[in-house]
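Trainee: Just add 12 to the spot in the sequence shown (first one is 1) and you have our numbering. Shown below is the structure under consideration.
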Amino acid sequence: MASLKVEDKDVMILRAGYIYRQRTFFKKWRRTWLVVCLGGSVRYYRNRNASRPQKSFDVKNDCIAIKAGKQCKTMLPPKDIDTGCLMEIVLIGDRTLKLCAADPDQSRMWHHAFKRAQSDKQLPTPRHERRNLRPEEIEELEEKSCWYCCCRKNKIQMLRDITSR
């Protein structure tokens, strides 16, 4: 998996996965492997196993605005996907990256990853260092951390499914 290789300036991979990207010419949607890192680096690849990115940019330095959902008024999503899944990353030099997630939940997670990569805020402390925090404080920290929150919600849902049988 060469696309998950972390570069020196990257702190951590916030989100990596397939997303639809609208091509510049002919405006066709193509499924692309996208990697967003905490250090601000964003790279997209032709597929998951590609060794070199097609393009890369730095969200902290190059990004002007991150639009999502109904803010993307000029875009039409791929067939059978809701307009709430659209995202548009406006970059310097009249460049834009037009993206569309498969569903609204993934769209929110991608949007959160882009916002996190753009900000200079640090990640919450690791779980083993949270022993003295109240449960409300732990939930607040987990909501700020997309990757941890998603894993925790999936585990909680799995436990609920098991106990309800």
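Note that beta-carbon positions come from the ideal geometry of N, C-alpha and C, so glycine has one too. No experiment lies behind these values; they were computed from the predicted model shown.
What residue range is occupied by the uninterrupted beta strand (DSSP E) comprising Lys1?
Mentor: As displayed, the chain neither begins before 13 nor continues past 177, which places residue 1 out of reach and without an answer.
Trainee: Buried or exposed: which applies to Arg42, given that a residue is buried once 16 or more other Cβ atoms fall within 10 Å of its Cβ?
Mentor: For the purposes of this step, residue 42 is taken as the residue at position 30 of the sequence shown. With fewer than 16 Cβ atoms within 10 Å of its Cβ, Arg42 is classed as exposed.
Trainee: Got a sec? Which residues, its chain only, sit under 8 Å from Ala129 by beta carbon, not counting five neighbours each side?
Mentor: Sequence index remark: in the sequence shown, residue 129 carries index 117 (1-based). Closer than 8 Å at Cβ, skipping near neighbours: Leu26, Val48, Cys49, Leu50, Gly51, Gly52, Ser53, Val54, Val71 and Lys72.
Trainee: Would a check of beta-carbon distances place Gln118 closer than 8 Å to chain B?
Mentor: Judged by its chain identifiers, the structure shown contains no chain B, having just a single protein chain.
Trainee: Quick check on the burial criterion: 16 or more other C-beta atoms within 10 angstroms. Buried or exposed for Ala77?
Mentor: To locate residue 77, count along the sequence shown from 1; it is residue 65. Classification of Ala77: exposed, given that the 10 Å Cβ count is below 16.
Trainee: Check whether the Cβ atoms of Tyr32 and Cys112 lie closer than 8 Å to each other.
Mentor: The residue labelled residue 32 in the question sits at position 20 within the sequence shown. The residue labelled residue 112 in the question sits at position 100 within the sequence shown. Against a cut-off of 8 Å, the Cβ pair of Cys112 and Tyr32 comes out as a contact.
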